[in-house]
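Visitor:
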Amino acid sequence: MKTFLFCVLVLLAILIGAYLYRVLQGPTIFDRLLGHNGISTKAIILLLVIGIYFERVDMFIDISIGYALLNLVGALALAKYLEQKETL
Amino acid sequence: MIFSFEIPLLLLLLVTAAGAILVKDLISAVLLLGSYSFFLALVWAWLGAVDVAFVEAVVGAGLGTVLFLLTLFGTAPKDTRLRRPPPSLVTLIVFPLLGVLLLFTANDLPEFGDPNSPASVHISPTYIEQSYQETHTLNVVTSVLMDYRSLDTMGETVVIFAAGIACALLLRRNA
Chain A
1375 MKTFLFCVLV LLAILIGAYL YRVLQGPTIF DRLLGHNGIS TKAIILLLVI
1425 GIYFERVDMF IDISIGYALL NLVGALALAK YLEQKETL
Chain B
219 MIFSFEIPLL LLLLVTAAGA ILVKDLISAV LLLGSYSFFL ALVWAWLGAV
269 DVAFVEAVVG AGLGTVLFLL TLFGTAPKDT RLRRPPPSLV TLIVFPLLGV
319 LLLFTANDLP EFGDPNSPAS VHISPTYIEQ SYQETHTLNV VTSVLMDYRS
369 LDTMGETVVI FAAGIACALL LRRNA
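Line order of the protein sequences matches chains A and B. For my numbering, add 1374 to where a residue sits in the first sequence, where the first one is 1. For my numbering, add 218 to where a residue sits in the second sequence, where the first one is 1.
1) Within 8 Å of any Cβ in chain B, is that where the Cβ of M1433 of chain A sits?
2) Smallest Cα separation from G282 of chain B: which of A:A1449, A:S1438, A:L1398, A:I1439?
3) Would the beta-carbon of V1397 of chain A fall within 8 Å of that of I1413 of chain A?
4) Taking 8 Å as the threshold (beta carbon to beta carbon), is G237 of chain B in contact with chain A?
5) Output the residue ranges of the beta strand (DSSP E) runs that lie fully inside the segment 234-292 of chain B and measure 3 residues or longer, sorted by chain position.
6) How many Å lie between E329 of chain B and S335 of chain B at the Cα?
7) One question on the structure: do A238 of chain B and L250 of chain B come within less than 8 Å of each other, judged by their Cβ atoms?
8) Hey, does R1396 of chain A have any beta-carbon neighbour from chain B nearer than 8 Å?
9) Return no unless some Cβ of chain A is closer than 8 Å to the Cβ of F223 of chain B.
10) Buried or exposed: which applies to K1416 of chain A, given that a residue is buried once 16 or more other Cβ atoms fall within 10 Å of its Cβ?
11) Residues in its own chain within less than 8 Å of W264 of chain B by CB, not counting five upstream and five downstream?
12) Please report how far the alpha carbon of Y366 of chain B lies from the alpha carbon of A380 of chain B, in whole angstroms.
The following block contains the structure:
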């Protein structure tokens, strides 16, 4: 079971690399924004898998909920920023 | 375990940090810094420092992104210094030497999770054994922060309060 979870962790890290390519390379801001959101969701799942790996998932669920909420706040702030720049 | 999971996380950290410096568009740099904080928090969580990971996620990924964006509201979104001057000779000599020195000293640090390291034999046992009798607080971390190191915590709180007021004054509308 530990080996399986470890493989899941490494695969998720590789997947994050794919999103990171889009964030670094993306021609427009929206590509980067979508890549960043993908990274955040993968980071939440990665955190939960780390929690299961250490068999202390109750503590890690709290952090991942915090992550998810903050991710929403960040996306909203960026959306607000882009909207404001459009009107300027 | 020969292959440890820190290595891919640290690689991702390096890539995001370099990207945030090299990218020309400042909004993209803010996004990359947000991803950097996420990865740093993952490293903390993997090493078992869950509280530090939580703070890194809240401050770095959440508050940091919002504050950077608020700053971008008042400034230009492009990095105007497109042509950076090349690093000077002193920089090229001193910083690699500093890195080598730090790696050399890191060799002498105790192993991760070593029960005989100075941090876990000097004062931690005293806190764990006597904090309830001395402070009547159920949570050891709270008793350390709010009782044994209460002056230190008060200083920190004053600094954070001053920084918060300064941010609010700088970022208010119609200033």
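Ideal placement from N, C-alpha and C gives every residue a C-beta, glycine not left out.
Guide: According to the structure data:
1) So yes, M1433 of chain A belongs to the interface.
2) Restricting attention to A:A1449, A:S1438, A:L1398, A:I1439, the CA atom closest to the CA of G282 of chain B is found in A:A1449.
3) It is a contact, given that the beta carbons lie within the stated cut-off.
4) Interface residue, yes.
5) List check, beta strand (DSSP E) in window: nothing returned.
6) Going by the C-alpha atoms only, they are around 8 Å apart.
7) In terms of Cβ geometry, A238 of chain B and L250 of chain B form a close pair [threshold 8 Å].
8) With 8 Å as the cut-off, R1396 of chain A does not count as an interface residue toward chain B.
9) Answer yes: the Cβ-Cβ gap between F223 of chain B and chain A drops below 8 Å somewhere.
10) The Cβ neighbour count for K1416 of chain A, taken over all protein chains shown within 10 Å, is at least 16; the residue is labelled buried.
11) So the list reads F223, E224, L227, once near-sequence residues are dropped.
12) Looking at the backbone, the Cα of Y366 of chain B and that of A380 of chain B are separated by about 24 Å.
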